[in-house]
Amino acid sequence: MDIAADDLRQRCFLSLAVLGALYLAAVTLRLLDCLGLPSLLRRPTNLRRRYGAWAVVTGPTSGIGRSMALELARRGLSVVLIGRDPDRLCDISDAITRNHAVQTKTVVFDLSLVSTTQGDEAMRRLREAVEGLDVGVLVNNAGVAKPCAVYLHEFDVEAWMRMVRVNLWALTEVAAAVLPGMAARGRGAVVNIGSGSTEAIPSFPLYTVYAATKR
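In our numbering, the protein residues as written are 2 to 216.
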């Protein structure tokens with residue numbers, strides 16, 4: 002029996018086992034981080050103290066935007082709500098003030114009209130709404146997607162432009178309206194809601210423009 006060869010095999014096996022365990026641990030930690038476990042284990046951040054007393058949320062009337070607006074209010078931040086439907090803005094505003102001791106402001110703004118006369122007027126009203134406020138958090142949530150999967154050469158140009166205006170152009174203009182105040186105060190956070198089409202899957206067939214605008 003070759004003792005030296007047997008010892009070498011055992012050492013190699015042990016080395017491979019250690020490498021495998023380290024790789025598995027790294028993958029597990031990354032998965033837990035993606036699931037947000039670290040944030041569950043530590044004490045929640047006082048958003049009002051760290052960033053400011055107000056938040057701005059676009060597209061707050063349903064889905065992710067509504068949940069974000071309600072959670073920010075629950076965490077003690079007053080909220081500026083930006084959306085295109087006055088009635089639905091009133092609904093989320095009432096839901097916030099009814100359940101939380103914070104203030105709200107609403108700005109009716111169809112973000113697909115950015116860079117037009119109506120859009121310029123809406124931007125003026127938005128700047129007026131946030132002027133003098135301690136805005137510490139901006140959530141750019143509003144977004145537009147294709148109604149269905151289509152080839153690029155079959156996609157309506159106006160729908161393509163609307164997607165770019167809402168997902169990119171308006172996002173930039175809204176950020177430009179609140180960033181000067183954040184910079185002056187030396188604090189703030191900007192959250193841009195993206196899409197799994199840019200990260201979670203290798204490609205998103207027939208949704209190229211949408212994926213590009215949500216990168």
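Glycine residues also receive a C-beta, built at the ideal position from the N, C-alpha and C atoms.
Contact defined as beta carbons within less than 8 Å: I believe residue i pairs with residue j. What is the distance between those atoms, to the nearest angstrom?
i: V131; j: V80; result: At roughly 11 Å, the Cβ-Cβ gap does not stay under 8 Å, so V131 and V80 are not in contact.
i: V191; j: A176; result: 6 Å
i: R76; j: L33; result: R76 to L33, Cβ: 23 Å. No contact.
i: V115; j: R163; result: The pair is not a contact, with the Cβ atoms about 10 Å apart (cut-off 8 Å).
Among the options, which one has its Cα closest to the Cα of residue i?
i: T98; options: M124, A70, G21 and T118; result: A70
i: M124; options: Q104, N100, D92 and W170; result: W170
i: V109; options: V103, T117, R126 and N100; result: R126
i: G60; options: I93, G21, A213 and Y24; result: I93
i: G133; options: W55, V165, S116 and R163; result: W55
i: I83; options: I194, G187 and G66; result: G66
i: V136; options: L15, V151 and A184; result: A184
i: A150; options: Y208, R166 and G182; result: Y208
i: V140; options: G195, P45 and A18; result: G195
Residue i lies in the beta strand (DSSP E); which residues open and close that run?
i: W55; result: W55 to T59
Which residue or residues does DSSP assign as beta-bridge partners of residue i?
i: A190; result: V138
i: L82; result: V58 and T107
Under DSSP, the alpha helix (DSSP H) around residue i begins and ends at which residues?
i: L153; result: Counting along the chain, L153 falls outside any alpha helix (DSSP H), and DSSP gives it neither H nor E.
i: T209; result: T209 to T214
i: G64; result: G64 to R75
i: N100; result: P87 to N100
i: T118; result: T118 to V131
i: R50; result: L48 to R51
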